[in-house]
Amino acid sequence: MSVRFNPKHGPIVIEAEVTGPARSLTLELILDTGATNSLLSEAVVLALKDVERSIEAAVQSGHFASADDAVATAWPSFQQRKQKQAQPAKKPLTPDELNQQLLADGLITQLPNPAEDIDDDDVPIAIKGEPLSETIIREQR
Amino acid sequence: MEDILTLQEIEARYAPEWVLIGDPQTDESLRLQAGKVLFHGSDRDEVCRKVMDSPPGRYALRFLGEHPEDVVLVL
């Protein structure tokens with residue numbers, strides 16, 4: 005097969021037929037001249053498959069004892085996915101709820117007590133010379 | 078949508094959508110010449126799902142729109 009293309013134009017598009025267990029699809033594919041693999045979108049690959057035939061092939065290749073065995077193996081995963089989809093989206097935690105959750109999970113040992121943070125008897129210390137912040141900035145340089 | 082149409086007729090009727098074509102007629106280089114339009118739409122995945130619903134056989138999938146010129150494809 006040969007396809008004419010103009011190297012000054014965009015991607016080189018070729019027509020190809022992809023055959024799966026149940027169907028074949030003629031598709032337009034973009035040629036990647038440096039590739040050793042061909043990429044197809046998941047939707048296209050799924051379209052080529054036929055679930056019943058795929059199960060049959062898996063049984064014949066020894067992955068499952070029977071079609072029932074294949075379904076029984078896949079069923080828990082399906083149920084799990086279904087349950088996950090059915091769960092309502094979780095409401096974000098408030099800061100207090102988050103603290104309680106962290107405490108319950110043992111990630112922190114105690115919660116800060118805001119009442120203890122009030123230091124009424126603290127007296128500001130007068131500093132002579134330049135403001136402390138300017139000293140800090142100068143010494144960081 | 079069960080008539081056999083040439084690719085030019087399909088393009089004239091359904092561009093710029095995705096089309097699922099049944100009984101595709103192709104030349105020796107697999108270039109699509111004609112077929113029956115079974116489904117068309119702007120969502121490729123929806124068209125692919127229609128392939129899954131279709132009986133086993135041979136189909137063609139075509140995008141009839143134009144790729145934007147300012148898009149770069151990284152392969």
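From first to last, the protein sequence lines are chains D and U. Using this note's numbering, you'd call the opening residue of the first sequence number 5 and step up by one each time. Using this note's numbering, you'd call the opening residue of the second sequence number 78 and step up by one each time. We put the beta carbon where it would ideally sit given N, CA and C, even for glycine.
{"Query": "Taking all protein chains shown into account, decide if residue 139 of chain U is buried (16 or more other Cβ within 10 angstroms of its Cβ) or exposed.", "Result": "buried"}
{"Query": "Using the DSSP secondary-structure output, state which residues sit across from residue 99 of chain U in a beta bridge.", "Result": "U:113, U:136"}
{"Query": "Based on the DSSP secondary-structure assignment, which residues constitute the bridge partners of residue 33 of chain D?", "Result": "D:18"}
{"Query": "Mind checking if residue 138 of chain U is an interface residue toward chain D, Cβ cutoff 9 Å exclusive?", "Result": "yes"}
{"Query": "What are the residues in the segment 19-30 of chain D lying within 7 Å of chain U by C-beta distance?", "Result": "19, 20, 21, 26, 27, 28, 29, 30"}
{"Query": "Counting only Cβ pairs nearer than 9 Å, list the residues of chain D close to residue 107 of chain U.", "Result": "5, 18, 19, 20, 21, 30"}
{"Query": "For the beta strand (DSSP E) containing residue 82 of chain U, name the first residue and the last one.", "Result": "81-83"}
{"Query": "Are the CB atoms of residue 142 of chain U and residue 86 of chain U nearer to each other than 9 Å?", "Result": "no"}
{"Query": "I'd like to know if residue 110 of chain D contacts chain U, where contact means its C-beta is closer than 9 Å to some C-beta of that chain.", "Result": "no"}
{"Query": "Please list, in chain order, all residues of the same chain as residue 128 of chain U whose beta carbon is under 8 Å from its beta carbon, the five residues on each side excluded.", "Result": "97, 136, 138"}
{"Query": "Less than 9 Å between CB atoms is the rule here; does residue 11 of chain D satisfy it with respect to chain U?", "Result": "no"}
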